[in-house]
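Each residue of the sequence shown is one higher than the one before, counting from 618 in my numbering.
Ideal placement from N, C-alpha and C gives every residue a C-beta, glycine not left out.
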Amino acid sequence: MSFFTSPRHLPLPHDFDGALEQLRFRAEARQRQLPSPPTARDEPSYSAVHLVQELRMHQLEMELQYEELLATQTASEALRERFEDLFEMAPVPYLTLDVLGVIDEINLRACHALGLHRDKLKGRRFLLFVAPNSRERFMQFMMDVLSDEPHATCAVELTQPDGTVFTAHLEGASVPDQYGNRQCRIIFFDRSFR
């Protein structure tokens with residue numbers, strides 16, 4: 618998984634028919650462990666017994682699917698938490714902007730670099746922190762990232778609320794969000810930051 622890849626879009630199994638067949642096999646094995654319903658000698662009763670057996674089989678399949686969904690959900694939540702920890706504790710300022718340049722996600726290092734608490738940064742346009750003489754360069758960088766460029770870089774001057782200006786080297790890549798909309802993931806470097 619690359620630095621800019623999101624774990625939200627994990628591959629699904631390609632062999633769905635094989636997975637369903639395996640699920641059916643497991644349900645049949647589980648059904649064999651259950652006591653058999655009494656059988657009747659006449660035909661209508663046999664049809665009812667057969668129907669009950671089929672319903673029991675479908676119930677077992679559903680229970681197995683539910684167990685697998687719970688296991689998948691648990692694994693997915695663990696993976697999400699791990700990704701959030703990696704994002705939060707990254708040794709560089711790291712943030713995600715939407716197509717309009719609004720800050721969607723930001724780690725602690727980026728909050729520190731921009732001189733504000735996360736609550737005051739999320740939902741604000743990143744361009745507000747770009748010095749006026751660097752705004753055109755930053756807008757071109759955003760267009761490059763959100764176009765067909767797989768990876769874009771640029772150097773811009775960023776400003777903090779107290780007026781401190783520093784030069785940052787930005788690296789960005791376009792990634793889809795959970796709804797498939799494009800986002801710009803950015804990391805930036807400044808040697809004066811520790």
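Cα-Cα separation, residue i to residue j
i: Ala730; j: Val773; result: 14 Å
i: Ala688; j: Glu698; result: 16 Å
i: Gly740; j: Arg641; result: 48 Å
i: Thr691; j: Tyr796; result: 21 Å
i: Ala695; j: Leu686; result: 14 Å
i: Met618; j: Ala790; result: A caution first: Met618 carries a pLDDT of 41, below 50, which makes its placement in the model too unreliable to give a value.
i: Ile723; j: Leu738; result: 8 Å
i: Asn798; j: Pro767; result: 16 Å
i: Ala815; j: Glu684; result: It is not possible to answer for residue 815, since the shown part of the chain is limited to 618 through 811.
i: Thr713; j: Phe783; result: 20 Å
i: Gly635; j: Gln650; result: 23 Å
i: Gln682; j: Leu668; result: 21 Å
i: Pro749; j: Ser693; result: 42 Å
i: Ala665; j: Gln676; result: 16 Å
i: Leu775; j: Phe746; result: 5 Å
i: Arg673; j: Asp794; result: 41 Å
i: Asp765; j: Asp721; result: 21 Å
i: Asp702; j: Glu638; result: 38 Å
i: Glu671; j: Val792; result: 46 Å
i: Pro778; j: Gln757; result: 24 Å
Given residue i as reference, the closest of the options once Cα atoms are compared
i: Arg647; options: Met679, Leu668, Ala665 and Ser664; result: Met679
i: Asp807; options: Pro793, Cys801 and Leu787; result: Leu787
i: Leu744; options: Leu696, Glu701, Val716 and Leu725; result: Val716
i: Gly780; options: Pro708, Gly732 and Leu677; result: Gly732
i: Phe812; options: Met674, Arg649, Phe700 and Phe755; result: In the structure displayed, the chain extends from 618 to 811; residue 812 sits before or after that span and is not available.
i: Thr770; options: Gln682, Val719 and Ala785; result: Ala785
i: Met759; options: Asp702, Met706 and Cys801; result: Cys801
i: Met706; options: Cys728, Val719, Asp721 and Gly718; result: Cys728
i: Val762; options: Asp702, Gln670 and Ile803; result: Ile803
Per-residue DSSP class, three states only, for residue i
i: Pro749; result: helix
i: Gly780; result: coil
i: Glu766; result: coil
i: Gly789; result: strand
i: Tyr796; result: coil
i: Val666; result: helix
i: Ala772; result: strand
Whole-angstrom C-beta distance between residue j and residue i, which should lie under 8 Å
i: Phe700; j: Tyr711; result: Not a contact, Cβ separation roughly 12 Å.
i: Arg726; j: Val709; result: 6 Å
i: Val719; j: Arg742; result: 6 Å
Output the residue ranges of the beta strand (DSSP E) runs that lie fully inside the stretch 716 to 741 and measure 3 residues or longer, sorted by chain position. Correct list: 720 to 723.
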